[in-house]
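Everything below concerns the one structure shown next.
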Amino acid sequence: MLWLLKYSLLAFALPLTSAADLKGSLGSLGISASFPGDSSYSSASAAYNRRFTIAPAAVVYPKTPQDISKVITIGASQGLKVVARSGGHSYIANSLGGRNGSIIVDLKNFSKVTVNSAQSIAVVEAGNRLGDVATALANSGRAIPHGTCAYVGIGGHAAYGGFGFTSRMWGLTVDTVQAYNLVLANGTIARVTNQNDPALFWVRPFRWSIFTTFDGYL
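In the numbering used here, the protein residues as written are 365 to 582.
Right under this line is the structure:
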């Protein structure tokens, strides 16, 4: 089962600048975003585990890897941590940065699943939920190993594990991944496989990158 993690990325925190600077910089990109004080901010920044209340500097909704690269560059220049959110299912609110002041890259616009049955490959974007992926694959008579909660995001699931009912036979979700499409912490967009960069592929570089799509073997 072959999958491609297409965009992942983190930038690292430096000294914080003003909210106005950040809003102006992100606004210039033409990327949809929610900031403190906006009517959409409360729902955009709500943690899955409501025991946590975290205030991101912004929640952005990019549509392309190039958008993500620009957001990372702005975050680095303004001293802000940049964190990817696929489904937002982290019980300790890591998809909101785990603390106040991060830029959250919400991947909900990365929602395509493309199945190539002839090559037994699926290309899955990181904003999908497990239920979306399972349905899309089933429509082509295919499946992969994954967990049982349909609303969990495929991003974190496919990056670090993915245990489910079929795992004793098929392994973990991550075992199906053959390639990742990433945005690295310096803004570089890269496609990583075991063949072209085995060190980066096997280290699972998601503390230093945002993956947007993965190729998975079916």
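Ideal Cβ placement from N, Cα and C applies to all residues, glycine included.
**Q.** K476 versus L501, S433, S404 and H521, residue with shortest Cα-Cα distance
**A.** Out of L501, S433, S404 and H521, the CA that lies nearest to the CA of K476 is found in L501.
Q. Where does T512 land, buried or exposed, given buried means 16+ other C-beta within 10 angstroms?
A. Exposed, by the Cβ-count rule.
Q) Under a three-way DSSP split, which group does I574 fall into? A) In the three-state DSSP reduction, I574 falls in the strand class (E or B).
Q.
Any contact between the segment 460 to 472 and the segment 555 to 562? By contact I mean 3 or more CB pairs, one from each, below 8 Å.
A. Cβ pair count under 8 Å is below three, so no.
Q. Between the C-alpha atoms of T437 and G517, what's the straight-line distance to the nearest angstrom?
A. For T437 and G517, the distance between alpha carbons rounds to 25 Å.
Q) Which one of S504, F578, V547 and L546 has the shortest CA to CA distance from D539? A) Out of S504, F578, V547 and L546, F578 has the C-alpha closest to the C-alpha of D539.
(Q) If the criterion is Cβ atoms closer than 8 Å, does the pair G491 and S466 meet it? (A) Going by C-beta atoms, G491 is not nearer than 8 Å to S466.
Q.
Using CA atoms only, rank isn't needed, just tell me which of V541, D431, G505 and P509 is closest to A482.
A. Taking each of V541, D431, G505 and P509 in turn and checking the Cα distance to A482, the smallest one comes out for G505.
(Q) Taking its Cβ as the centre, do 16 or more other Cβ atoms sit within 10 Å of P562, making it buried, or is it exposed? (A) It counts as exposed.
Q) N503 to G443, Cα distance in whole Å? A) It is roughly 45 Å from the alpha-carbon of N503 to the alpha-carbon of G443.
Q: Measure how close the beta-carbons of V447 and S459 come, nearest whole angstrom, since I'm counting them as under 8 Å.
A: Rounded, the Cβ-Cβ distance is 7 Å, consistent with contact.
(Q) Quick check for students: name the residue ranges of the alpha helix (DSSP H) that lie wholly in the segment 466 to 546, counting only runs of 4 or more. (A) Taking 4 residues as the shortest admissible run, the segment 466 to 546 contains the following complete alpha helix (DSSP H) segments, listed from N- to C-terminal end: 494 to 502, 518 to 524 and 531 to 534.
Q) Which of the three DSSP states, helix, strand or coil, is assigned to A375? A) Because A375 carries a pLDDT of 38, less than 50, the predicted location of this residue cannot be relied on, and no value is offered for it.
Q. Does DSSP put A448 in a helix, in a strand, or in coil?
A. It is a strand residue.
Q) Taking buried to mean at least 16 other C-beta atoms within 10 Å of its own C-beta, is A341 buried or exposed? A) Residue 341 is absent from the structure shown; the chain starts at 365 and stops at 582.
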